[in-house]
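One structure is given below, encoded as structure tokens.
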Amino acid sequence: MPQDTPSNDTLHVRDSRTGQELALPITNDTVPAMGLRQLKVQDDDFGMLSYDPAFKNTVSCTSRITFIDGGRGILEYRGYPIEQLAERASFEEVIWCLLEGDLPSRGQLDEFHAELSGYQAISDTVAKTLAGFPRDAHPMSMLMALVVAAGAQEPDARNVRDPAERRAQAKKLVARMPVLAAHVWRHRKGLAPVTPDPSLSYAGNFLRMVFAESDDYTVDPVLEKAMDVLFTLHGDHEQNCSTSTMRVVGSAEASPYNAAAASIAALSGPLHGGANEAVLKLLASIGSVEAIPAFMEKVRNREAKLMGFGHRVYKSYDPRARILGQIAHDVFELTGRNPLLDIAVELERIALAEDYFKSRNLYPNVDFYSGLIYQSMGFEPEYFTVLFAIGRMPGWVSQWDELMGDSEQKIARPRQVYLGERQRTVAPVDER
Ligand code: MLT
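Residue 745 in the working numbering is what sits at position 160 of the sequence shown, and the numbering runs on without skipping anything.
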């Protein structure tokens, strides 16, 4: 494993079955799991493995894309704090940064914008695939199918060992996501698609393709900025479930379109990308600020779950949630206050004040405010995860590109502990 700080530290392990001792080198606070294989009782044993359901304590790669310090609530893309990126950079700059490793110059950004715009025409295969879906099908199912359909037009995408081809396909995927997503929205509404407008920003173009009712539709700058920041906040989040999916599928040298479709599938789960929809449902089910104390009592008694609070990696405030608090304010000033906001604010106030919640690290996460904002912007809850997927695509393709260029990586192949029956005899069907 490449390491930033050379170290001579070791972890000493003693196997009580045999008395065998092992010194495993410590690198970046990890030990190589393969080193455990040396621990055997018999010479022909397979060797010791580590057991880690859901890989909660397993590092599967080195990465230089996203840094998270969950204890301190820090999130950085390529070393840049998320707060500064949200405030000072557009989502297009963030995409470039995730992919290329640094922020673009003005010239690079202009060129990149033109390049992305050039990739936004949608093929017949995509249009026909979408036409096959009933209008009330789940938008994430449609999006997944459209990404696969877009890939069918890109036979060269299979050249995953060619870095230049990888970079080209990564940009095409990022460029096409808002177009495919807007097609999904309009199909569900029974509306004709809107042609992309290269004069607009990534976020502005997307909002126009979704909401334009006529040619003279203009995008409100407050909503455009909110959409842009929301995309940025979702840009990458290191080895989360959908990104790990991208890496696992990509490790088999699958086309990035198929791998990205698998990531969309992972994201569609309510435990991952669907969480903000669940927050909205929760706020609606509480119904009023007066009903909050009774609800919180249920949470304390473990009879109800506080959706949108707590995170697997953040043990303090999710930094993305802090930024969203301000965005919510800007959007609601324009669109009028979302009636569920009062309930959300009061829930947050109680959770931040009470030891019960603080001791369990139940701080608001990115999903807590994003659903409220999306709803106020005019999006339906079922569609929220599609917005997450658009924002996350640059992260998926950057992580995939990094994986494919990493000489330490191989096809992903975890092990298991087999606890089932062995060596049974197959009786003929009539004798069972
Ligand atoms: C994400 O942004 O992917 C979610 O917060 C989930 C995660 O990081 O595990």
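Cβ coordinates follow ideal geometry from the N, Cα and C atoms, glycine included. Since the model is a prediction, treat every value here as computed from it, not as a measurement.
Task: 8 Å Cβ cutoff met for Q1001 and S836 - done: What you label residue 1001 is simply residue 416 of the sequence shown in a count that begins at 1. What you label residue 836 is simply residue 251 of the sequence shown in a count that begins at 1. Against a cut-off of 8 Å, the Cβ pair of S836 and Q1001 comes out as no contact.
TODO: Return helix, strand or coil for P966, following the three-state DSSP convention.
DONE: Position 381 of the sequence shown, counting from 1, holds the residue named residue 966. Per DSSP, reduced to three states, the secondary structure at P966 is helical.
Task: Residues sharing a beta bridge with P740, DSSP - done: For this step, residue 740 is matched to residue 155 along the sequence shown. DSSP, once it has assigned bridges, lists no residue as partnering P740.
Task: Backbone CA spacing between E967 and F697 [nearest angstrom] - done: By 1-based counting over the sequence shown, the position of residue 967 is 382. By 1-based counting over the sequence shown, the position of residue 697 is 112. C-alpha separation (whole angstroms): 31 Å.
TODO: Say whether the region 980 to 990 touches the region 807 to 822, bearing in mind that this needs 3 or more beta-carbon pairs closer than 8 Å, one atom from each stretch.
DONE: Touching, per the Cβ criterion.
Task: Opposing strand residues paired with I659 [DSSP bridges] - done: Locating residue 659 in the sequence shown gives position 74, where the first residue counts as 1. According to DSSP, I659 bridges with D654.
Task: The beta strand (DSSP E) enclosing E606, as first and last residue numbers - done: As a working note, residue 606 is residue 21 in the sequence shown. Here the beta strand (DSSP E) through E606 covers E606 to P610.
- [ ] Could you check the C-alpha separation between A844 and W985 for me, to the nearest Å?
- [x] What you label residue 844 is simply residue 259 of the sequence shown in a count that begins at 1. What you label residue 985 is simply residue 400 of the sequence shown in a count that begins at 1. Cα-Cα distance, rounded: 9 Å.
Task: Under 8 Å between C-beta atoms of L988 and C646 - done: Translated into the one-based positions of the sequence shown, residue 988 becomes position 403. Translated into the one-based positions of the sequence shown, residue 646 becomes position 61. Yes, they are a contact pair.
Task: Same chain only: Cβ atoms within 7 Å of L792, ignoring 5 sequence neighbours per side - done: Counting from one through the sequence shown, the residue named residue 792 turns up at place 207. Excluding positions up to five away in sequence, the list reads V804, L808, E809 and M812.
Open item on the list: Could you pull the DSSP bridge partners for P599 from this structure?
Closed with: As a working mapping, residue 599 is identified with position 14 in the sequence shown. First, the amino acid is wrong: residue 599 is Arg here, not Pro. The partner list for R599 (beta bridge, DSSP) reads E606.
TODO: Taking the CB atoms as reference points, tell me whether Y948 and F880 lie closer together than 8 Å.
DONE: One-based indexing of the sequence shown puts residue 948 at position 363. One-based indexing of the sequence shown puts residue 880 at position 295. Going by C-beta atoms, Y948 is not nearer than 8 Å to F880.
Open item on the list: Let me make sure I understand the geometry here. Which of P748, L634 and E1006 has the alpha-carbon closest to that of E685?
Closed with: Residue 685 sits at position 100 when you count from the first residue of the sequence shown. The shortest CA-to-CA distance from E685 to any of P748, L634 and E1006 is the one to P748.
Open item on the list: I'd like to know whether the C-beta atoms of L815 and S955 end up nearer to each other than 8 Å.
Closed with: Stepping through the sequence shown from its first residue, residue 815 is reached at position 230. Stepping through the sequence shown from its first residue, residue 955 is reached at position 370. Closer than 8 Å, so yes.
Open item on the list: If contacts are defined as beta-carbon pairs under 8 Å, then L852 and R977 qualify, I think. What distance do you get, rounded to the angstrom?
Closed with: Here residue 852 refers to the residue found at position 267 of the sequence shown. Here residue 977 refers to the residue found at position 392 of the sequence shown. Your pair L852 and R977 checks out as a contact, with CB atoms roughly 7 Å apart and the cut at 8 Å.
Open item on the list: At a cut-off of 7 Å, would you count R1009 as near the ligand MLT, judging by its Cβ distance to the nearest heavy atom?
Closed with: Indexing the sequence shown from 1 puts residue 1009 at position 424. Here the distance from the Cβ of R1009 to the nearest heavy atom of the ligand MLT is not below 7 Å.
Task: Residue environment, Y1003, which counts as buried when at least 16 other CB atoms sit within 10 Å - done: Indexing the sequence shown from 1 puts residue 1003 at position 418. Per the 10 Å Cβ criterion, exposed.
Open item on the list: Using a 10 Å radius around the Cβ and a threshold of 16 neighbouring Cβ atoms, would you call G858 buried or exposed?
Closed with: Here residue 858 is taken as the residue at index 273 of the sequence shown, counted from 1. It is buried - the Cβ of G858 has at least 16 other Cβ atoms within 10 Å.
TODO: Name the residue from G963, R885, E918 and A974 whose alpha carbon lies nearest to the alpha carbon of I935.
DONE: Reading the sequence shown from its first residue, position 350 is the one you call residue 935. It is R885 whose Cα lies nearest to the Cα of I935.
Task: Three or more C-beta pairs below 8 Å linking the region 599 to 607 and the region 618 to 627 - done: The region 599 to 607 vs the region 618 to 627: in contact.
TODO: Identify whether T647 lies in helix, strand or coil by the three-state DSSP scheme.
DONE: Locating residue 647 in the sequence shown gives position 62, counting from the first residue. For T647, the three-state secondary structure derived from DSSP is coil.
Task: Residues near V732 by beta carbon distance below 7 Å, same chain, minus five either side - done: Taking the first residue of the sequence shown as position 1, residue 732 is located at position 147. Closer than 7 Å at Cβ, skipping near neighbours: L765, Y842, A845, A846 and I849.
- [ ] My understanding is that P878 touches E668, with C-beta atoms under 8 Å, so please give their C-beta distance in whole angstroms.
- [x] Within the sequence shown, residue 878 is the residue found at index 293, counting from 1. Within the sequence shown, residue 668 is the residue found at index 83, counting from 1. Not really, about 33 Å apart at Cβ, beyond 8 Å.
Task: Whole-angstrom distance between F917 and N563, CA atom to CA atom - done: Here the chain covers residues 586 to 1017 and nothing more, so residue 563 does not appear.
TODO: Express the C-alpha separation of V779 and P666 in angstroms, rounding to a whole number.
DONE: The sequence position of residue 666 within the sequence shown is 81, counting from 1. The sequence position of residue 779 within the sequence shown is 194, counting from 1. About 35 Å.
- [ ] Tell me the start and end of each unbroken alpha helix (DSSP H) in the region 749 to 824 that is at least 4 residues and wholly inside, in chain order.
- [x] Taking 4 residues as the shortest admissible run, the region 749 to 824 contains the following complete alpha helix (DSSP H) segments, listed from N- to C-terminal end: 787 to 796 and 806 to 818.
Open item on the list: Looking at the ligand MLT, does it come within less than 7 Å of R907, judged from the CB to the closest heavy atom?
Closed with: On the sequence shown, position 322 is the one that residue 907 refers to. Relative to the ligand MLT, the beta carbon of R907 is positioned no closer than 7 Å to any heavy atom.
Task: Helix, strand or coil at G640 [DSSP, three-state] - done: Mapped onto the sequence shown, residue 640 falls at position 55. The amino acid at residue 640 is misidentified as Gly; the sequence shows Phe. It is helical.
Open item on the list: Please classify Q705 as buried or exposed, where buried requires at least 16 other C-beta atoms within 10 Å of its C-beta.
Closed with: Along the sequence shown, read from residue 1 onward, the residue named residue 705 stands at position 120. Only buried fits Q705, as 16 or more other CB atoms lie within 10 angstroms of its CB.
Open item on the list: So, under 8 Å CB-CB, S592 and A618 are touching, yes? Tell me the CB distance rounded to an integer number of Å.
Closed with: As a position in the sequence shown, residue 592 is number 7, starting the count at 1. As a position in the sequence shown, residue 618 is number 33, starting the count at 1. Cβ-Cβ separation between S592 and A618: approximately 18 Å, too far for a contact (criterion under 8 Å).
- [ ] Run the proximity test for V951: is its beta-carbon closer than 7 Å to any non-hydrogen atom belonging to the ligand MLT?
- [x] Position 366 of the sequence shown, counting from 1, holds the residue named residue 951. A heavy atom of the ligand MLT is found nearer than 7 Å to the CB of V951.
Open item on the list: Beta-carbon within less than 7 Å of R897's beta-carbon, same chain only, minus the 5 sequence neighbours each way: which residues are those?
Closed with: The residue you call residue 897 lines up with position 312 of the sequence shown. So the list is empty, once near-sequence residues are dropped.
Task: Which of helix, strand or coil DSSP assigns to F894 - done: In the sequence shown, residue 894 corresponds to position 309, counting from 1. Looking at F894 - three-state DSSP - the assignment turns out to be strand.
Task: Where Y665 falls: helix, strand or coil (DSSP) - done: Residue numbering aside, residue 665 sits at position 80 when the sequence shown is read from its first letter. Strand.
Task: Terminal residues of the alpha helix (DSSP H) in which A863 lies - done: Your numbering for residue 863 matches position 278 in the sequence shown. It spans A860 to I871 - the alpha helix (DSSP H) in which A863 sits, taken as one unbroken run.
- [ ] Measure the alpha-carbon distance for G854 versus Y899 and round it to whole angstroms.
- [x] Residue 854 sits at position 269 when you count from the first residue of the sequence shown. Residue 899 sits at position 314 when you count from the first residue of the sequence shown. About 20 Å.
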